[in-house]
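Colleague:
Protein chains: 2
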Amino acid sequence: MKKFILSFGIILTGLLLTACGSADNLQGGTTSSGPKTQLTGQTDSSYYQGVIENGRYQTSKSRGVSVQQESNQFNIKGFENGLLNISKKQFSTKKYIFQEGQYLSTNTVENWLNRKSKTNPTGLNPTSNGSTSPTKRNPLYLSQIDEQDFVVQNGKKLNLSGMTIGLAINSVDYFKKSQNGPTLQTNISDAQVQSQGKAIANQVLQRVRKIKGVGNIPIVIALYKQASNDSLVGGSFFDYSVNTGSSSAVSTWKPINQQTYVFPIPSGQKGPNKNDQDAFDNFKSQVQNFFPNLSGVVAQVQYTDGILSGMNVNITTQFYSQTEIISFTQYLQQAAEKYLPQTAPIDISVQSTEGMESFLSRGINQKNFTAHIFNSY
Amino acid sequence: MKKFILSFGIILTGLLLTACGSADNLQGGTTSSGPKTQLTGQTDSSYYQGVIENGRYQTSKSRGVSVQQESNQFNIKGFENGLLNISKKQFSTKKYIFQEGQYLSTNTVENWLNRKSKTNPTGLNPTSNGSTSPTKRNPLYLSQIDEQDFVVQNGKKLNLSGMTIGLAINSVDYFKKSQNGPTLQTNISDAQVQSQGKAIANQVLQRVRKIKGVGNIPIVIALYKQASNDSLVGGSFFDYSVNTGSSSAVSTWKPINQQTYVFPIPSGQKGPNKNDQDAFDNFKSQVQNFFPNLSGVVAQVQYTDGILSGMNVNITTQFYSQTEIISFTQYLQQAAEKYLPQTAPIDISVQSTEGMESFLSRGINQKNFTAHIFNSY
Chain A
1 MKKFILSFGI
11 ILTGLLLTAC
21 GSADNLQGGT
31 TSSGPKTQLT
41 GQTDSSYYQG
51 VIENGRYQTS
61 KSRGVSVQQE
71 SNQFNIKGFE
81 NGLLNISKKQ
91 FSTKKYIFQE
101 GQYLSTNTVE
111 NWLNRKSKTN
121 PTGLNPTSNG
131 STSPTKRNPL
141 YLSQIDEQDF
151 VVQNGKKLNL
161 SGMTIGLAIN
171 SVDYFKKSQN
181 GPTLQTNISD
191 AQVQSQGKAI
201 ANQVLQRVRK
211 IKGVGNIPIV
221 IALYKQASND
231 SLVGGSFFDY
241 SVNTGSSSAV
251 STWKPINQQT
261 YVFPIPSGQK
271 GPNKNDQDAF
281 DNFKSQVQNF
291 FPNLSGVVAQ
301 VQYTDGILSG
311 MNVNITTQFY
321 SQTEIISFTQ
331 YLQQAAEKYL
341 PQTAPIDISV
351 QSTEGMESFL
361 SRGINQKNFT
371 AHIFNSY
Chain B
1001 MKKFILSFGI
1011 ILTGLLLTAC
1021 GSADNLQGGT
1031 TSSGPKTQLT
1041 GQTDSSYYQG
1051 VIENGRYQTS
1061 KSRGVSVQQE
1071 SNQFNIKGFE
1081 NGLLNISKKQ
1091 FSTKKYIFQE
1101 GQYLSTNTVE
1111 NWLNRKSKTN
1121 PTGLNPTSNG
1131 STSPTKRNPL
1141 YLSQIDEQDF
1151 VVQNGKKLNL
1161 SGMTIGLAIN
1171 SVDYFKKSQN
1181 GPTLQTNISD
1191 AQVQSQGKAI
1201 ANQVLQRVRK
1211 IKGVGNIPIV
1221 IALYKQASND
1231 SLVGGSFFDY
1241 SVNTGSSSAV
1251 STWKPINQQT
1261 YVFPIPSGQK
1271 GPNKNDQDAF
1281 DNFKSQVQNF
1291 FPNLSGVVAQ
1301 VQYTDGILSG
1311 MNVNITTQFY
1321 SQTEIISFTQ
1331 YLQQAAEKYL
1341 PQTAPIDISV
1351 QSTEGMESFL
1361 SRGINQKNFT
1371 AHIFNSY
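Order-wise, the sequence lines are chains A and B. Sequential numbering of the first sequence, starting at 1, is according to the working numbering. Sequential numbering of the second sequence, starting at 1001, is according to the working numbering.
1. Please classify R1056 of chain B: does DSSP put it in a helix, a strand, or coil?
2. Taking Cβ-Cβ distances below 8 Å as the criterion, which residues of the stretch 1332 to 1345 of chain B are in contact with chain A?
3. Helix, strand or coil: how does DSSP classify T1370 of chain B here?
4. Determine the burial state of R56 of chain A: buried for a count of at least 16 other Cβ atoms within 10 Å of its Cβ, exposed for fewer.
5. Entirely within the stretch 1288 to 1321 of chain B and at least 3 residues each: give me those beta strand (DSSP E) ranges in chain order.
6. What would DSSP say about D1230 of chain B, mapped onto helix, strand or coil?
7. Looking only at DSSP bridge pairs, what is S62 of chain A linked to?
8. Is V233 of chain A closer than 8 Å to Y1377 of chain B when the C-beta atoms are compared?
9. Tell me, please, which residues DSSP counts as bridged to T1164 of chain B.
10. Are at least three pairs of beta-carbons, each pair with one atom in the stretch 1040 to 1053 of chain B and one in the stretch 1186 to 1201 of chain B, less than 8 Å apart?
11. What residues are listed by DSSP as bridge partners for S352 of chain A?
12. In terms of residue numbering, what span does the alpha helix (DSSP H) encompassing K88 of chain A cover?
13. Quick one: give me the first and last residue of the alpha helix (DSSP H) that T1183 of chain B is part of.
14. If I follow the unbroken alpha helix (DSSP H) through I1364 of chain B, where does it start and stop?
15. Any beta-carbon of chain B closer than 8 Å to the one on K94 of chain A?
16. Are the CB atoms of V1208 of chain B and T1260 of chain B within a distance shorter than 8 Å?
17. Using a Cβ cut-off of 8 Å (strictly closer), state whether T30 of chain A contacts chain B.
18. Specify whether the stretch 1283 to 1300 of chain B and the stretch 1332 to 1346 of chain B touch according to this definition: at least 3 beta carbon pairs, one from each stretch, less than 8 Å apart.
19. What in chain B is Cβ-close to E53 of chain A, meaning under 8 Å?
20. Of the choices A:L167, A:V51, A:R63, whose alpha-carbon is the least far from that of K36 of chain A?
21. Where does I1169 of chain B sit, in a helix, a strand or coil, going by DSSP?
22. Kindly list, in the order they appear in chain B, the residues whose Cβ is closer than 9 Å to that of V67 of chain A.
23. Closer than 7 Å to a non-hydrogen atom of the ligand SAM - does that hold for the CB of T108 of chain A?
24. What is the C-beta distance between D146 of chain A and Q102 of chain A, in whole angstroms, given that I count them as a contact (C-beta under 8 Å)?
25. Starting from I256 of chain A, trace the alpha helix (DSSP H) in both directions and tell me its first and last residue.
26. Would you say Q73 of chain A reaches chain B, if we count a Cβ-Cβ gap shorter than 8 Å as a contact?
27. Do I1325 of chain B and S1361 of chain B have their C-beta atoms within less than 8 Å of each other?
28. How many Å lie between I221 of chain A and Q318 of chain A at the Cα?
29. Determine the chain B residues that contact L84 of chain A at a beta-carbon separation under 9 Å, and present them in chain order.
30. Put Y96 of chain A into one of helix, strand or coil per three-state DSSP.
31. Run through DSSP, which three-state label would D44 of chain A get?
32. Tell me Q38 of chain A's beta-bridge partners as DSSP assigns them.
33. Can you find the residues in the same chain that come closer than 6 Å, C-beta to C-beta, to L1158 of chain B, ignoring five residues on each side of it along the sequence?
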């Protein structure tokens, strides 16, 4: 059955994409009268295909809310990437097609993200208690809502067959006493992040079940703890639940044991794994000494169940010549293979003030790094 | 013989890199007393290995002169990349190791790039004729000098065995009448670019032959016509010569038929190839319509002997979410394979204000594009 669905998915793509005859039109049609639906194609099976309607990407109904509200872009990218990975556990990229959230509008999401009040009865953040003391006020817990829809082809239609909703909870809530005053912060304990997140999740699930068109699809809800605004890495997911049938309250939470860090770990602070930290520090010192001028070397790292599950190394250097960049990149490839941990996928980018100069990447089961040096004519 | 050298080169690398015992030291030693020499390693045979001494890259003796003097970075990168390609015709990446120029110092290059005068007798640009009229003054012709050394292993030493010198000639010379005055320009005809470039090349060859340690190695000299400062693509090489033995004057110039353009070609202007331009325009309009907001699509293109030999597409878009970037990149892969010319290597980068979001690449003999989406934790 699974194999059938897989083949079907591939045929669907093929049909939609080969249906187009003329050279200036990528579109195929699923219906002759309705909107022309097309899929984005799939780079590889680690990504979902997306939905194109009438030649244009079907964007989220709440497009741009997160970008407008979040100060730390790592909390947006980490949140969305992580949520996709959770979705993939439940909704296979081979069977399901990804659709940007179509059921929660900008207006809805903005109201939900605000405090509950007389004028905003649907607010999911607590009513103000009047205090402006960092430790006494009611902080805002909920910071981002991301809806991901999963559809499957049924005849000529794409039918909603699953949904994932991510809720990002503040670990720090930033506020000002007056418009031009300094930014203050209320720290939120892990226990509060968890209990508030779960309470909000129940309300969200209940509301989403009632939205017209959603029905009895499986709804995954996942909870993310945001990093602080000055963090060089995003936060991490800590719990998720799969809610099947008509359930409108979460019965079982599955914990996610995931943490993010920035390497190098500052001296005196405890890191996740001494071996990995030493390996990175050795790599860093080799790389920093390559040029007479210093190169900056930092990494975002992620641990899952105590094991390194991903690393993004960012190297900043001064551009002197293309030949230096070529030599540097080749050296990095050797140094990375020699020093950096073997188990996790690793990206390394080399940046100058002009932008990205080169980058190296090693996938999860690959032995060697591939390198790309950005050319210019 | 060639095969022997090839193997030898690989063994050399292997020796140098496996010679190091401790985990925190990449260095191998070629001599026990002198500087420890190491190579950068080779990503693939399209790149030269570079030279590392005592753990540090052996930088050019005139490091940074071009970066300081050139306003248009495309003229630096295009010049250096193009020069490497000319070098590869003469000095195989399998036999030769690349060494940043060690014979022309910053001081020498700066003097040569200046006007000839009583205080600067070695200046390779003409003495001022006193005029400040754009059409009557003597412009500066020579704008960049790039020295590339090619060495081979001989016992425990790396011996200089070849050299390539690139000379970049202005097509426009920018000047000011007074320090705070407006920037004016003197346009230089193609005929002048060629004749002045060749005259300067003869002087340079004569001087370089006399430098201690250079001897009777083959010296390649290549001439590059710079693009204007506002160009979105660099210039191109138009002539080169291989000067063997003790020759100190160029006897034979080999023309290079290479041009660079920016796509889209402005309407009303003549481009290099109507089919390629139409293909790009179709790609562009597909891509620009993908999101409700407009994406910018421009390309640097290079033609060699009338045929497209390379394309760098730069797409700028607004970041709304990681899932949009994933869908966009997958769509681009299909659109690029469908529309863009098949023969040439093509890079496509997707940029937002946050930097590079994703990129796609297809090598010279590859059928499909590979894509990489930059992740964040």
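The beta-carbon is built from N, C-alpha and C at its ideal position, and this holds for glycine as well.
Modeller: Concretely, from the data shown:
1. strand
2. Q1333, Q1334, A1335, K1338, Y1339
3. strand
4. exposed
5. 1296 to 1304, 1307 to 1316
6. coil
7. S62 of chain A pairs with nothing; no bridge assigned.
8. yes
9. B:Q1148, B:V1220
10. no
11. A:G355
12. 73 to 90
13. Unbroken run through T1183 of chain B is the beta strand (DSSP E), 1183 to 1187; no alpha helix (DSSP H).
14. No alpha helix (DSSP H) contains I1364 of chain B, which DSSP labels as neither H nor E.
15. no
16. no
17. Low per-residue confidence applies at T30 of chain A: pLDDT is 41, beneath 50, and the placement is therefore not dependable enough to give any value.
18. yes
19. Chain B residues near E53 of chain A: none, gap ~11 Å exceeds 8 Å.
20. A:V51
21. strand
22. Q1318, F1319, Y1320, S1321
23. Although the ligand SAM was asked about, the structure shown includes no ligands whatsoever.
24. At roughly 13 Å, the Cβ-Cβ gap does not stay under 8 Å, so D146 of chain A and Q102 of chain A are not in contact.
25. Run containing I256 of chain A: none; DSSP gives neither H nor E here.
26. yes
27. no
28. 44 Å
29. Q1322, T1323, I1326
30. coil
31. coil
32. A:I52
33. V1151
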